[in-house]
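> One structure, pasted below without further comment.
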Amino acid sequence: MHETNFILICEILEKIQESKSIQRKENILKEFILKFSGEKYYTYPAIRLLIPILDSDRPKSGLAVNSIAKIYIKSLQLSNKSIDAQKIFLITKPRISIKQSECTLEEINKFLDIVCNSSRKDVEFEFKKFIEKLSSLEQKWILNIILKKLDLGLSAEKILNTIHPNASEFYNRKTDLKFLCDQFNKGKLNFGVCGTSLFNFVKPMLCQRVDSKKINEILSKNDEFWAEEKMDGERFQLHYQKLNSKFILFSRKGIDYSQKFFKTIEILSKLFKGNIENCILDGEMMVWNSQSKTFKVKGEFIDVKNLVSSNINNPCFVCFDILYINNKSLIDLSYSDRLQLVKEHFKTSLGQFHILNQSKIRNVSEFTSYFNKSLENNCEGIVLKQVSSTYKPGQRVNDWIKIKPDYIDGLITDLDVLIMGVNTRSNYIESFYVGVLDEKGTLHCIGKVSSGLSESKKKYLTNKLKPFYMVKKPSNAEFGNEKPYMYLNIKKSIILQIRASELVLSDSFKTPYTLRFPRIDSIRDDKEWDSCLKLSDFEHLYQSLSSVAKIHKRKTCDEDFSGKSFKVNKEKLMNPYQTVISHPTEVLSEKFADLNFCILSPTKNHTVSEAKEIPLKCICIAGELTPKVKSLLNLRKYNIICFDWLLRQYNNPKTTIKISPKDLICSTSELTEQMKEYYDEFCDSFDDFISENELKEILININSNEE
Numbered sequence: 086m087h088e089t090n091f092i093l094i095c096e097i098l099e100k101i102q103e104s105k106s107i108q109r110k111e112n113i114l115k116e117f118i119l120k121f122s123g124e125k126y127y128t129y130p131a132i133r134l135l136i137p138i139l140d141s142d143r144p145k146s147g148l149a150v151n152s153i154a155k156i157y158i159k160s161l162q163l164s165n166k167s168i169d170a171q172k173i174f175l176i177t178k179p180r181i182s183i184k185q186s187e188c189t190l191e192e193i194n195k196f197l198d199i200v201c202n203s204s205r206k207d208v209e210f211e212f213k214k215f216i217e218k219l220s221s222l223e224q225k226w227i228l229n230i231i232l233k234k235l236d237l238g239l240s241a242e243k244i245l246n247t248i249h250p251n252a253s254e255f256y257n258r259k260t261d262l263k264f265l266c267d268q269f270n271k272g273k274l275n276f277g278v279c280g281t282s283l284f285n286f287v288k289p290m291l292c293q294r295v296d297s298k299k300i301n302e303i304l305s306k307n308d309e310f311w312a313e314e315k316m317d318g319e320r321f322q323l324h325y326q327k328l329n330s331k332f333i334l335f336s337r338k339g340i341d342y343s344q345k346f347f348k349t350i351e352i353l354s355k356l357f358k359g360n361i362e363n364c365i366l367d368g369e370m371m372v373w374n375s376q377s378k379t380f381k382v383k384g385e386f387i388d389v390k391n392l393v394s395s396n397i398n399n400p401c402f403v404c405f406d407i408l409y410i411n412n413k414s415l416i417d418l419s420y421s422d423r424l425q426l427v428k429e430h431f432k433t434s435l436g437q438f439h440i441l442n443q444s445k446i447r448n449v450s451e452f453t454s455y456f457n458k459s460l461e462n463n464c465e466g467i468v469l470k471q472v473s474s475t476y477k478p479g480q481r482v483n484d485w486i487k488i489k490p491d492y493i494d495g496l497i498t499d500l501d502v503l504i505m506g507v508n509t510r511s512n513y514i515e516s517f518y519v520g521v522l523d524e525k526g527t528l529h530c531i532g533k534v535s536s537g538l539s540e541s542k543k544k545y546l547t548n549k550l551k552p553f554y555m556v557k558k559p560s561n562a563e564f565g566n567e568k569p570y571m572y573l574n575i576k577k578s579i580i581l582q583i584r585a586s587e588l589v590l591s592d593s594f595k596t597p598y599t600l601r602f603p604r605i606d607s608i609r610d611d612k613e614w615d616s617c618l619k620l621s622d623f624e625h626l627y628q629s630l631s632s633v634a635k636i637h638k639r640k641t642c643d644e645d646f647s648g649k650s651f652k653v654n655k656e657k658l659m660n661p662y663q664t665v666i667s668h669p670t671e672v673l674s675e676k677f678a679d680l681n682f683c684i685l686s687p688t689k690n691h692t693v694s695e696a697k698e699i700p701l702k703c704i705c706i707a708g709e710l711t712p713k714v715k716s717l718l719n720l721r722k723y724n725i726i727c728f729d730w731l732l733r734q735y736n737n738p739k740t741t742i743k744i745s746p747k748d749l750i751c752s753t754s755e756l757t758e759q760m761k762e763y764y765d766e767f768c769d770s771f772d773d774f775i776s777e778n779e780l781k782e783i784l785i786n787i788n789s790n791e792e
């Protein structure tokens, strides 16, 4: 393979890049790998050129496109102001031979080693030699390899798995491309020979996001879970060797930050003693405030990676897992065994090294209680980890799951905000600047949002808003330091319903607080522009003097994490059925705050007026089968619920609103089909426990059907 000419690799790369189909790209790569699979040296000299982003043996060159262009201009002895030089700056493509070279992979790899490890003068000298040798196609790909941007339309993971089905997972354990290729040559690409190893970065295991309604289902499995608070810092991996007290701190992407944390390393070297010869710890680097004895969060705009240590704020490593200890890889051990090893070998040192506390969770009630405590502690969220789970480097699986407040419907305050301006890319809107309205009719920008919308919805908004783009800022719009590419005619704009995890201090926008992790929930083009959120209501959300304002509006309950949910048809009835209560009513509960009711008829013991004082989305309620009710039953266009259901909800204000088939007098075909997913033909729920009386009713129904 060392003697293989570089042009062969270039031709393969060119074919892959030009192919439109992913399958075709993979097939080209497979053919190439099979062709050379019997060679002694096989993959490494070539694979490191195919996936330069994963080549940890060769550091980044430090050369950007402009730097390379300047080297070309100097090597070709061109004037900086010449037309040819300007073309090089624009396209970085010099005047070169169209003939292919005889350069081998060995020569190319030596050249790349010099580029990445030598002085600028040596780099320029080597460039000049290779400019004279390489063809245009070879130079195109050598430059892409130096920049580590091949743009093949294939991810590094797909390229690895084309080599072998286990290759990507194998690489994640050790991030050593040469070791992977060597093991493949020996036919030993199995996990028995690849645990973790000291000072080789291990790709961190990631948490999976799940639907909050599935928590009960997950906890109902036989395995137990540990719960821990989700830390709001920077993921780091700590490698330690007792000999010479050597430490390396890798970021989530495998970048060595040891030099920036040299003071923290000095402190840790005094803590890591006893029988610990070496170890790899997984955790988060947090900012510890010695005055408040608490951790700072990202929303307070303190970057732990660039923190200047002081008497008040200092880095603190929070450990939540161990991957290696005393020359033994631990990633194939269960989480509970790894956790036990952490507690046996390490101790918390306040503000310097912390071990994250866990609580065992056995059911949804314990989970709800733990989650609400985390809300009270202003945590970002919580993480559930399966007790028996092994450590899966680089994978995002259900063994570890994360739950944040903004994942739960109805827990976070949704904000109806108006689009004030946009940033565009390729003629489509990329991000939206949104604002709230003050009492004088002026809009105040509160932040920028880009996630949450499908491409089709972005296209829809682009087409709707494009006619109303403005170059000049409207007089009734106020922005902060950050401004959009295009402003909008406010009165022609559209409201977005957005959701964010919290509000944080910022000087980028007009309001002192902005949105953290905002995403668009829905487009509210059914609303007028001036019905957006008012400035006073937005200010109410951050009344405290805290630099981070949480915007969840209630505690969670077991129902937030249990069963499946469905939505009742929202079709509204015609105005003739709507009447006004002429006298004031007392607010006893906000249980029905998001619902509208149409009282078709009461029962014999209650009047319509009494019923209308209970609620104040449309749900039709019927007691007596009056002519009006019967006519609607015949239409079968509306979901009509019995009056007893409304009374039960009113008498039990703390229970969650739920509708079962036995509560329905009439239902649309859509709701009937939805009900079949949750109830059998005898109205027995697939998810909920039933009382003794309910069981008797079901048995009576079964007997009557059999008769």
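In our numbering, the protein residues as written are 86 to 792. For every residue, glycine included, the Cβ atom is placed at its ideal position computed from N, Cα and C.
Which same chain residues end up closer than 8 angstroms to Pro144 when comparing Cβ atoms and leaving out the 5 residues on each side of it in sequence?
Taking the first residue of the sequence shown as 1, we reach residue 144 at position 59. Excluding positions up to five away in sequence, the list reads Cys201 and Asn202.
> Anyone know if the C-beta pair for Ile750 and Leu718 falls short of 9 angstroms?
Here the question's residue 750 lines up with position 665 in the sequence shown. Here the question's residue 718 lines up with position 633 in the sequence shown. Yes, the pair counts as a contact, with Cβ atoms nearer than the cut-off.
> So who's on the other strand from Asn508, going by DSSP bridges?
Within the sequence shown, the letter at position 423 stands for residue 508. Paired residue(s): Ser516.
> In the structure shown, what three-state DSSP assignment does Ser770 receive?
For this step, residue 770 is matched to residue 685 along the sequence shown. Note: Ser770 maps to strand in three-state DSSP.
> Could you tell me which residues DSSP pairs with Thr599 in its beta bridges?
For this step, residue 599 is matched to residue 514 along the sequence shown. Thr599 is bridged to Val589.
> Could you have a look at Ile775 and say whether DSSP puts it in helix, strand or coil?
Locating residue 775 in the sequence shown gives position 690, where the first residue counts as 1. Coil at Ile775, not helix or strand.
> From what residue to what residue does the alpha helix (DSSP H) around Phe321 run?
Walking along the sequence shown from the start, residue 321 turns up at place 236. Run containing Phe321: none in the alpha helix (DSSP H); it sits in the beta strand (DSSP E), Glu319 to Gln326.
> Any idea what DSSP makes of Asn399, helix, strand or coil?
Mapped onto the sequence shown, residue 399 falls at position 314. In this structure, Asn399 counts as strand in the three-state DSSP scheme.
> Using 8 angstroms for Cβ pairs, my map puts Leu235 next to Leu98. What's the rounded Cβ distance?
Here residue 235 refers to the residue found at position 150 of the sequence shown. Here residue 98 refers to the residue found at position 13 of the sequence shown. Indeed they touch by this definition, with Cβ atoms about 7 angstroms apart.
> Span of the alpha helix (DSSP H) holding Trp730?
Mapped onto the sequence shown, residue 730 falls at position 645. Start and end: Phe728 to Asn736.
> Look at the alpha carbon of Leu460 and the alpha carbon of Ile488, and state the distance between them as a whole number of angstroms.
The count along the sequence shown starts at 1 and reaches residue 460 at position 375. The count along the sequence shown starts at 1 and reaches residue 488 at position 403. Approximately 11 angstroms between the Cα atoms of the pair.
> Mind checking which residues open and close the alpha helix (DSSP H) that includes Asn411?
By one-based count along the sequence shown, residue 411 stands at place 326. Run containing Asn411: none; DSSP gives neither H nor E here.
> Which word fits Ile469, buried or exposed, when buried means at least 16 other C-beta atoms lie within 10 angstroms of its C-beta?
Position 384 of the sequence shown, counted from the start, is the residue given in the question as residue 469. A small fix is needed here, since residue 469 is Leu in this sequence, not Ile. Per the 10 Å Cβ criterion, buried.
> Nearest by alpha-carbon distance to Glu302: which of Val208, Gln326, Val449 and Val372 is it?
Counting from one through the sequence shown, the residue named residue 302 turns up at place 217. Taking only the C-alpha atoms, the option nearest Glu302 is Val449.
> Quick check on DSSP: helix, strand or coil for Thr433?
Looking up residue 433 in the sequence shown gives position 348. DSSP places Thr433 in coil when its eight states are reduced to three.
> Which residue's Cα is closest to the Cα of Tyr723: Ile744, Ser754, Cys364 and Pro746?
Counting from one through the sequence shown, the residue named residue 723 turns up at place 638. Nearest option by C-alpha distance: Ser754.
> With distances taken Cα to Cα, identify the nearest neighbour of Glu465 among Glu242, Asp142, Asp317 and Cys642.
Along the sequence shown, one-based indexing puts residue 465 at 380. Out of Glu242, Asp142, Asp317 and Cys642, Asp317 has the C-alpha closest to the C-alpha of Glu465.
> My output table needs one value for Cys266: the three-state DSSP class, helix, strand or coil.
As a first step, residue 266 must be located in the sequence shown, where it is residue number 181. Three-state result, Cys266: helix.
> CA-CA distance, Asn463 and Phe456?
What you label residue 463 is simply residue 378 of the sequence shown in a count that begins at 1. What you label residue 456 is simply residue 371 of the sequence shown in a count that begins at 1. One C-alpha to the other measures close to 11 angstroms.
> Tell me the rounded alpha-carbon separation between Ser474 and Leu418.
The sequence position of residue 474 within the sequence shown is 389, counting from 1. The sequence position of residue 418 within the sequence shown is 333, counting from 1. Roughly 8 angstroms between the two C-alpha positions.
> What does DSSP give as the partner residue(s) for Tyr764 in the beta ladder?
Locating residue 764 in the sequence shown gives position 679, counting from the first residue. BP columns for Tyr764 point to Ser770.
> How long is the line joining the alpha carbons of Asp267 and Ser106, rounded to whole angstroms?
Here residue 267 refers to the residue found at position 182 when the sequence shown is read from its first residue. Here residue 106 refers to the residue found at position 21 when the sequence shown is read from its first residue. For Asp267 and Ser106, the distance between alpha carbons rounds to 30 angstroms.
> Can you tell me where the beta strand (DSSP E) holding Thr379 begins and where it ends?
Looking up residue 379 in the sequence shown gives position 294. Element bounds for Thr379: Thr379 to Lys381.
> With distances taken Cα to Cα, identify the nearest neighbour of Arg320 among Phe286, Asn251 and Ser377.
Within the sequence shown, numbered from 1, the residue matching residue 320 stands at position 235. Minimum Cα distance to Arg320 is reached at Phe286.
> In terms of residue numbering, what span does the alpha helix (DSSP H) encompassing Ile227 cover?
Locating residue 227 in the sequence shown gives position 142, where the first residue counts as 1. Start and end: Ser221 to Leu232.
> Using a C-beta cutoff of 9 angstroms, does Arg423 count as contacting chain D?
Reference to chain D is not applicable here, since this structure consists of a single protein chain.
> Taking only the alpha-carbon atoms, compute the straight-line gap between Ile156 and Asp610 and give it to the nearest angstrom.
Stepping through the sequence shown from its first residue, residue 156 is reached at position 71. Stepping through the sequence shown from its first residue, residue 610 is reached at position 525. Spanning the two alpha carbons is a distance of roughly 54 angstroms.
> Less than 9 angstroms separating the beta-carbons of Tyr409 and Leu283?
As a first step, residue 409 is located in the sequence shown; it is residue number 324 there, counting from the start. As a first step, residue 283 is located in the sequence shown; it is residue number 198 there, counting from the start. Yes, these two residues count as a Cβ contact at 9 angstroms.
> Closest to Phe594 by CA distance: which of Cys727, Gly436 and Gly520 is it?
On the sequence shown, residue 594 is found 509 positions in, with the first residue counted as 1. Of the candidates Cys727, Gly436 and Gly520, the one whose C-alpha sits nearest the C-alpha of Phe594 is Gly520.
> Mind reading off the beta-carbon distance from Ser745 to Ser770? Whole number of angstroms is fine, and I expect it under 8 angstroms.
Taking the sequence shown and counting its residues from 1, the one referred to as residue 745 is at position 660. Taking the sequence shown and counting its residues from 1, the one referred to as residue 770 is at position 685. Ser745 to Ser770, Cβ: 7 angstroms. Contact.
> Given a cut-off of 9 angstroms on the beta-carbon distance, is the pair Phe255 and Cys279 in contact?
Along the sequence shown, read from residue 1 onward, the residue named residue 255 stands at position 170. Along the sequence shown, read from residue 1 onward, the residue named residue 279 stands at position 194. Contact: yes.
> State buried or exposed for Thr740, treating a residue as buried only when at least 16 other CB atoms are found within 10 Å of its CB.
The residue given as residue 740 occupies position 655 in the sequence shown. Thr740 comes out exposed.
> Start and end of the alpha helix (DSSP H) containing Leu334?
Position 249 of the sequence shown holds residue 334. Leu334 -> not in any alpha helix (DSSP H); beta strand (DSSP E) instead, spanning Lys331 to Ser336.
> According to DSSP, which residues form a beta bridge with Val534?
In the sequence shown, residue 534 corresponds to position 449, counting from 1. In the DSSP output, where bridge partners are listed per residue, Val534 has Phe517.
> If you pair each beta-carbon of the region 307-316 with each one of the region 340-354, do three or more pairs fall below 8 angstroms?
Result no; under three Cβ-Cβ pairs closer than 8 angstroms.
> Taking C-beta to C-beta, are Glu501 and Leu620 nearer than 9 angstroms?
For the purposes of this step, residue 501 is taken as residue 416 along the sequence shown, with counting starting at 1. For the purposes of this step, residue 620 is taken as residue 535 along the sequence shown, with counting starting at 1. Contrary to the premise, residue 501 reads as Asp rather than Glu in this sequence. No. Outside cutoff.
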